[in-house]
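For reference, the structure is listed below as structure tokens.
Numbering (the numbering used here), first residue to last: 9 to 125.
Next comes the structure, spelled out in structure tokens:
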């Protein structure tokens with residue numbers, strides 16, 4: 009099985025508003041490790057997908073923040089991680105059984121250590 013990382017957009021990813029510190033190169037490196045990636049945001053799903061498309065990124069899922077449980081039901085992953093910048097990100101991650109990491113709380117690729125890779 010694979011691991012799965014969900015990213016908040018605003019305040020987390022470089023194309024968010026406000027901009028976050030996670031770059032598309034970082035997300036691509038995570039994908040290259042065979043990890044499923046996608047976004048979970050307050051933004052509508054279609055808008056999230058447009059943002060990924062503008063950066064020529066193929067992601068495995070896009071959901072609104074309160075639907076992380078749907079992602080967990082759809083994917084049979086070894087671990088589930090949501091990276092975000094707010095208390096609401098942490099709340100919905102915990103409610104859906106995801107580990108939560110506050111963006112910028114750990115250096116890049118320490119995420120994978122959290123996933124037991």
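Ideal Cβ placement from N, Cα and C applies to all residues, glycine included. Here the structure is a predicted model, which means the values were calculated and not measured.
Return the Cβ separation of residue 104 and residue 11 in integer angstroms, given the expectation that the two are a contact with Cβ distance under 8 Å. Translated into the one-based positions of the chain shown, residue 104 becomes position 96. Translated into the one-based positions of the chain shown, residue 11 becomes position 3. Rounded, the Cβ-Cβ distance is 15 Å, inconsistent with contact.
Option nearest residue 137 by Cα separation, candidates 9, 20, 14: Not covered by the structure: residue 137. The range shown for the chain is 9 to 125.
Our contact map puts residue 101 next to residue 9 with C-beta atoms below 8 Å; I'd like the distance itself, whole angstroms only. As a first step, residue 101 is located in the chain shown; it is residue number 93 there, counting from the start. As a first step, residue 9 is located in the chain shown; it is residue number 1 there, counting from the start. So it is not a contact: roughly 20 Å between Cβ atoms.
Residues in its own chain within less than 6 Å of residue 77 by CB, not counting five upstream and five downstream? Walking along the chain shown from the start, residue 77 turns up at place 69. Around residue 77: 104.
With a floor of 3 residues, list each beta strand (DSSP E) that falls wholly inside the segment 10-81, ordered by position along the chain. 10-15, 44-49, 69-72
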